[in-house]
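The structure under discussion appears below in the form of structure tokens.
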């Protein structure tokens, strides 16, 4: 196909006044196809890498691609870099935690982070983004190194492909559920499951990223209130994370497997409807006000959200005190019972 497009570029159509236009169109198409095949090769590479061959410390093997971070979060930054591995250049994401070099507990935090990364490196699942290791020189603490996924976040992907079929949306939910089941089976809560921390590749495959990262960051904070670190994830977060302690001197409520399930309910709503939770509310602080008033997102009018889907989402969104939220395996079992019709919507 590439050869045919390239041959079209050599055809002279100047007598019809379309030569320059067709040349530009063909050039653009060829560039897109080259980029598509390059993305497929990159994805295939990291999916088949033996993580045991990658050392924990990747300092000196990571090359920055830009002068500034690609994205800036509430407490961390992400850099797009290249990792030189066995004569290959792998595109990677380097996630660095902000902090101070003069931090008296810096060495303790480094050891804690290393312990977590050593465990995360052992996780192997087709829908969980692997952790390669850490690298220095991006901040006062070691930075996490993971594969770079070119499809972008789930929120970006759903916006780009708004005409996804019911079957395609169902498959995305199954993959996210499978990844979450795997993490929970390892007794690891994701902690910040939302439309930004589910990454998509060019073939529509989903990968859970940043699992376990927020709980570690909260360990490092002097006042570890979850709500201060939720940031733009408020639309997916469980309401109990914003509640006051039951007593004046009581500890703030912490992340849990059950808060992950609440977030999955919000992910289910987003995937089936194509819209982020509370999409009619523009500002995140207004969303927080809605949560304080126990206002849940409305049921969308799309036929993608069946009565069974909506009822299950409500179970995921049930209050902490009701204790009716399903487990991750319950989520997988429910999705297995749903057989989307192949008929176009």
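In UniProt numbering, the protein residues as written are 1 to 345.
Virtual Cβ for every residue (Gly too), placed ideally from N, Cα, C.
Since this is a predicted model, take the numbers as computed values, not measurements.
Nearest in C-alpha terms to residue 209, of all of 171, 182 and 220, is 182. Sixteen is the threshold: since fewer than 16 other Cβ atoms of the shown chains lie within 10 Å of the Cβ of residue 333, the residue is exposed. Taking C-beta atoms as the reference points, residue 77 and residue 69 count as a pair closer than 8 angstroms. Two segments are said to touch when three or more pairs of C-beta atoms, one from each, lie closer than 8 angstroms; by this definition the stretch 290-308 touches the stretch 261-275.
Residue environment: residue 192 is assigned as buried (16 or more neighbouring CB atoms within 10 Å of its CB, all protein chains considered). Residues of the same chain with a CB within less than 8 angstroms of the CB of residue 177, apart from the 5 flanking positions on each side, are 264, 328, 331, 332 and 335 in chain order. Counting only runs of 4 or more residues that sit fully inside the stretch 130-213, the alpha helix (DSSP H) segments are 154-160 and 166-185, in chain order. Under the three-state reduction of DSSP, residue 89 is assigned to strand. Per the C-alpha coordinates, the member of 50, 195 and 134 positioned closest to residue 60 is 134.
Residue 75 is not a Cβ neighbour of residue 234, given a cutoff of 8 angstroms. Taking residue 194 as reference, the option from 300, 267, 138 and 132 with the minimal CA-CA separation is 267. Here the alpha carbon of residue 337 sits roughly 33 angstroms from the alpha carbon of residue 232. Distance from the Cα of residue 139 is smallest, within the candidate group 175, 104, 170 and 95, for 95.
As the crow flies, the alpha-carbon of residue 130 is around 29 angstroms from that of residue 103. In the three-state DSSP reduction, residue 76 falls in the strand class (E or B). Residue pairing for residue 84: DSSP places it in a beta bridge opposite 89. Counting the other CB atoms within 10 Å of its CB gives residue 66 a total below 16, which places it among the exposed residues. Taking 4 residues as the minimum length, the alpha helix (DSSP H) runs contained wholly in the stretch 95-122 are 106-120, in order along the chain. DSSP lists 128 as the bridge partner or partners of residue 125. Beta-bridge pairing by DSSP links residue 57 to 134. In this structure residue 185 is not in contact with residue 153, their Cβ atoms being roughly 25 angstroms apart against a cut-off of 8 angstroms.
Residue 90 and residue 148 have their C-alpha atoms roughly 8 angstroms apart. Under the three-state reduction of DSSP output, residue 315 falls in the helix class. In the three-state scheme derived from DSSP, where H, G and I count as helix and E and B as strand, residue 271 is classed as helix. When 79, 166 and 204 are compared, the shortest CA-CA separation from residue 160 is found for 204. About 5 angstroms separates the Cβ atoms of residue 146 and residue 93, confirming a contact at the 8 angstroms cut-off. DSSP places residue 62 in the strand class (E or B) of the three-state scheme. For residue 71, the beta-bridge partners assigned by DSSP are 78.
Bounds of the alpha helix (DSSP H) holding residue 286 are 284-292. In the three-state scheme derived from DSSP, where H, G and I count as helix and E and B as strand, residue 320 is classed as coil.
Measuring C-alpha to C-alpha distances from residue 261 to each of 155, 173, 339 and 278 identifies 173 as the nearest. The distance from the Cβ of residue 213 to that of residue 128 is about 13 angstroms, inconsistent with a contact at the 8 angstroms cut-off. For residue 169, the CB contacts under 7 angstroms within the same chain, skipping 5 residues up- and downstream, are 271, 272 and 304 in chain order. For residue 266, the three-state secondary structure derived from DSSP is helix.
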